[in-house]
Structures are given as C-alpha cells and as structure tokens.
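Here the working numbering is used: the first residue of the sequence shown is 288, the next is one more, and so on.
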Amino acid sequence: MRRPFMLEPQFATAETASDFRRLGYAVAPLLTADEVSAVRGALDGLMRDHAKSGRSDDDLRQGHITYYNADGAYQEAVAALVRATFTPVLDRIVSGYRVSAGGAFIKPPGGGEMGVHCDYRATTDPDAVTFTLWCALADVDEANGALCLLPGSHKVRDQIIGPGVSPYFESYPDRIKSRSVPVRVRAGEALLFQTGMIHWSLPNRSDRLRPAIHFIAVPADAPHVIYMPKDSVPPKRFEILDLSDVLAFHPGVHPPSLGSIDHSNRPIGWPELERLVDEAVGAPPKAAPAGLWARSRTLVRRAFGA
C-alpha cells in the first residue's frame with residue numbers, strides 16, 4: 288500500500304544526506320548574514336515587547352525558552368516568526384518537508400547546561416523520518432553553549448517520547464555525555480538531527496548571548512502530532528493529538544484527537560545503545576590495562592641496554 292507522505296527527507300547535497308543517515312545529524316548552510324540579522328532583530332523586538340514576562344523556573348535557569356513561556360500569545364508570535372522565516376528557505380537544504388512547532392532558545396552568559404533528552408515523536412507513522420532543525424543566530428562552540436549529540440541514537444526503534452514520559456536512557460546520562468559530540472555551527476547554519484536523537488547542551492561560559500531558533504520538520508503532507516500518555520505510569524496507552532493547525536501547543540490550545548494507541552516502551556540499557564554509537568562513529572580505543580605501559584618501558588630499556 289502506498290503511504291500518503293514521504294518517509295525520508297531529500298537533501299540538496301550527498302554529504303548532508305550521508306551524515307544525516309549515518310550519524311543522525313548534519314550541518315548545512317541555511318540563512319544569509321542579512322537573513323540572520325533580520326530574524327534576530329525581529330526576535331529581539333518580540334522579546335522586548337513581551338519583557339520576558341511569565342517565564343517558568345526552567346526558563347530562568349537556562350535562559351529564555353519560548354516553549355516554556357506562560358504567555359500563549361507570545362509563544363504563537365515567535366512560532367509565526369519562525370514559520371515566516373524558515374518556510375521560504377527550507378528547500379535550500381531539504382525538500383518534501385515543512386516547518387512546524389517553532390520557538391527560540393536564548394542562552395545568556397552564565398546560562399546553565401540543558402540536560403540529556405530527546406524531542407517528542409512527531410508523526411503517526413513510526414517509519415517516517417522527522418527532524419529537529421536548530422539554527423544558530425550567532426557562532427556557537429563549546430564555550431558558549433554548543434549542542435552535544437549522541438551519534439547513532441536515532442536508530443533506536445519503538446520508543447514513544449511525549450510529555451511526562453520517562454525516557455529509556457534516564458539512568459545513564461553520564462555514559463551518554465562521555466560519547467556525545469559537541470557540534471560547532473556558524474551563524475546561519477542549520478544543525479539538523481533526527482527527532483529520536485539524544486542530545487543536550489553545554490553551559491554558556493562566554494560573555495555574549497547564544498540565540499538560536501528551533502523547530503520540528505515533518506513530511507509536507509503528514510500530520511504533526513504529539514503523544515500524550517494516559518492512565519498509567521509508565522504509560523501503556525497514548526492519545527494522539529493533531530498539532531498540524533496549531534502554532535504553539537500551550538494550555539489555551541485544544542488540538543483534535545486522532546485516537547489512542549496501546550504501546551509500552553521497552554527498556555534499553557547502555558550496552559545496546561553504545562553498539563549503535565559504535566556503528567555510527569566507531570568504537571573508542573580501549574584503555575591499556577593498568578601497569579602495561581610501565582612494563583613496556585621496562586622491556587624496552589632491557590632490550591636496548593638503557
């Protein structure tokens with residue numbers, strides 16, 4: 288049976304496609320310098336008008352995250368800006384996809400680390416690829432809050448992540464961090480990563496803001512959905528809400544339901560996840576056993592009379 292929408296993005300370059308499929312993420316140029324300046328100016332204007340009112344505790348710790356803001360109208364205004372800016376340019380790097388669920392992440396100087404997490408499943412078809420696009424509005428590196436991604440984690444299957452759902456990886460965040468890769472991006476570049484990709488961000492230790500735009504990209508003809516857990520903990524049933532016609536999902540919005548499904552997320556330990564990482568980037572070199580280097584030096588000295 289023919290599926291009603293595209294399952295995978297068609298990228299403008301073979302390099303982007305290769306990185307995206309193997310690693311789960313890719314970096315590609317997207318906005319011009321003038322476009323970066325324009326969207327940053329428009330975002331600054333919205334933030335000034337709003338005066339950062341109604342921020343949640345998480346927002347105060349991490350910076351200004353519009354998704355967490357209590358003002359639904361403000362969330363929608365930022366989401367509208369994101370769509371207006373990125374809808375006309377997305378096909379510069381990928382075709383067959385549309386912009387949905389946009390917001391801004393502004394990490395100030397001293398802004399803390401964002402913990403290990405992954406974004407929510409966004410389509411009704413588990414075989415359809417959706418991705419997050421994170422566009423830097425200033426150069427970003429390890430000093431001012433780079434995103435760190437776990438290569439290969441996009442290949443984990445049969446997990447539904449949604450609001451209030453404990454992720455399968457919550458018991459081993461330090462192992463994830465040790466194998467994660469910080470990704471440097473220039474202003475205007477897009478970091479694209481598959482929705483199931485595990486990621487986190489470093490603190491901003493610089494003296495400047497780290498502004499970025501974030502949105503979910505879904506196949507052009509697919510609904511953008513969110514899975515809401517029902518009844519039990521851990522959840523075994525999820526209601527599917529259709530966000531296709533929603534600018535921002537906040538308490539004042541009541542999206543239509545597409546029904547419910549039964550599903551239980553299976554446990555996944557670090558060894559299984561690490562195998563996927565090794566397949567994506569190769570296994571790290573094994574540490575030499577304790578004392579091996581000292582014994583080797585002794586043998587060399589004896590052999591050469593040193």
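Even glycine gets a Cβ: it sits at the ideal position worked out from N, Cα and C.
Supposed contact pair residue j and residue i - C-beta distance, whole angstroms, cut 8 Å
{"i": "Pro469", "j": "Leu489", "result": "7 Å"}
{"i": "Gly449", "j": "Pro516", "result": "6 Å"}
{"i": "Leu478", "j": "Trp421", "result": "5 Å"}
{"i": "Ile548", "j": "Ile527", "result": "7 Å"}
{"i": "Glu476", "j": "Ala423", "result": "6 Å"}
{"i": "Ile555", "j": "Val427", "result": "Not confirmed; about 30 Å, so no contact."}
{"i": "Leu368", "j": "Leu333", "result": "7 Å"}
{"i": "Val326", "j": "Ile500", "result": "7 Å"}
{"i": "Ala415", "j": "Leu294", "result": "5 Å"}
{"i": "Gly439", "j": "Glu566", "result": "6 Å"}
{"i": "Thr303", "j": "Ile352", "result": "About 27 Å; that fails the 8 Å criterion."}
Nearest to residue i (by Cα), restricted to the options the options
{"i": "Gly483", "options": "Val365, Glu363 and Ile447", "result": "Ile447"}
{"i": "Glu457", "options": "Val326, Asp565 and His404", "result": "His404"}
{"i": "Arg492", "options": "Thr300, Arg562, Gly350 and Arg444", "result": "Gly350"}
{"i": "Ala391", "options": "Leu496, Gly439, Thr411 and Gly311", "result": "Leu496"}
{"i": "Glu429", "options": "Ser467, Leu368 and Thr319", "result": "Ser467"}
{"i": "Ser551", "options": "Glu559, Tyr514 and Ala366", "result": "Tyr514"}
{"i": "Thr300", "options": "Asp445, Ala315 and Leu310", "result": "Ala315"}
{"i": "Pro542", "options": "Thr319, Trp487, Pro454 and Val512", "result": "Val512"}
{"i": "Ala360", "options": "His537, Ser465, Pro571 and Val568", "result": "His537"}
{"i": "Ile463", "options": "Ser324, Gly383, Trp487 and Lys394", "result": "Trp487"}
{"i": "Ala388", "options": "Arg309, Gly398, Tyr407 and Glu302", "result": "Tyr407"}
{"i": "Pro460", "options": "His441, Ile485 and Val452", "result": "Ile485"}
{"i": "Asp331", "options": "Phe373, Asn356 and Ile393", "result": "Ile393"}
{"i": "Gly397", "options": "Ala567, Val323 and Asp494", "result": "Asp494"}
{"i": "Gly402", "options": "Pro395, Pro454, Asp378 and Asn356", "result": "Pro454"}
{"i": "Val568", "options": "Tyr312, Gly546 and Asp358", "result": "Tyr312"}
{"i": "Thr419", "options": "Ser324, Gly451 and Pro296", "result": "Pro296"}
{"i": "Glu324", "options": "Arg335, Ala425, Ile352 and Arg309", "result": "Before going on, a small fix: residue 324 reads as Ser here, not Glu. Comparing Cα-Cα distances from Ser324 to each of Arg335, Ala425, Ile352 and Arg309, the minimum goes to Ala425."}
{"i": "Glu322", "options": "Ala357, Phe373 and Pro413", "result": "Phe373"}
{"i": "Asp529", "options": "Val540, Pro498 and Ser544", "result": "Ser544"}
{"i": "Asp532", "options": "Ala338, Ala366 and Asp336", "result": "Ala366"}
{"i": "Leu434", "options": "Ala535, Thr417, Pro510 and Arg471", "result": "Arg471"}
{"i": "Pro510", "options": "Thr417, Pro395, Arg335 and Ala329", "result": "Thr417"}
{"i": "Val564", "options": "Leu310, Asp445 and Val540", "result": "Leu310"}
Where residue i falls, given that 16 or more other Cβ within 10 Å makes a residue buried
{"i": "Pro375", "result": "exposed"}
{"i": "Ala590", "result": "Residue placement at Ala590 is flagged as unreliable, the pLDDT there being 45, under the threshold of 50; the coordinate-derived value follows with that caveat. With fewer than 16 Cβ atoms within 10 Å of its Cβ, Ala590 is classed as exposed."}
{"i": "Glu561", "result": "buried"}
{"i": "Arg473", "result": "exposed"}
{"i": "Pro521", "result": "exposed"}
{"i": "Gly432", "result": "buried"}
{"i": "Ala320", "result": "exposed"}
{"i": "Ser519", "result": "exposed"}
{"i": "Gln481", "result": "buried"}
{"i": "Leu579", "result": "Residue confidence for Leu579 is low, a pLDDT of 48 falling below 50, so the modelled location carries little weight; the figure read from the coordinates is stated next. Counting Cβ neighbours within 10 Å, Leu579 comes out exposed, since fewer than 16 surround it."}
{"i": "Ala371", "result": "exposed"}
{"i": "Pro571", "result": "exposed"}
{"i": "Pro498", "result": "buried"}
{"i": "Pro413", "result": "exposed"}
{"i": "Ala535", "result": "buried"}
{"i": "Ala357", "result": "exposed"}
{"i": "Ala338", "result": "exposed"}
Opposing strand residues paired with residue i [DSSP bridges]
{"i": "Asp378", "result": "None; Asp378 has no bridge partner."}
{"i": "Ala567", "result": "For Ala567, which the question treats as bridged, DSSP gives no partner whatsoever."}
{"i": "Gly390", "result": "His501"}
{"i": "Glu400", "result": "BP columns for Glu400 are empty, so no partner."}
{"i": "Pro516", "result": "Phe525"}
{"i": "Phe298", "result": "Val381"}
{"i": "Ile555", "result": "For Ile555, which the question treats as bridged, DSSP gives no partner whatsoever."}
{"i": "Ser531", "result": "Bridge partners of Ser531: none, in fact."}
{"i": "His351", "result": "Ile393"}
{"i": "Asp549", "result": "Arg524"}
| request: Counting only runs of 3+ residues fully inside the segment 418–449, write out the beta strand (DSSP E) ranges in chain order. | output: 418–423 and 434–436
| request: Can you check the segment 300–324 for any alpha helix (DSSP H) of at least 4 residues that lies completely inside it and give the ranges in chain order? | output: 301–310
| Mind pulling the alpha helix (DSSP H) runs of 4 or more residues that sit fully within the segment 445–507? | 460–466
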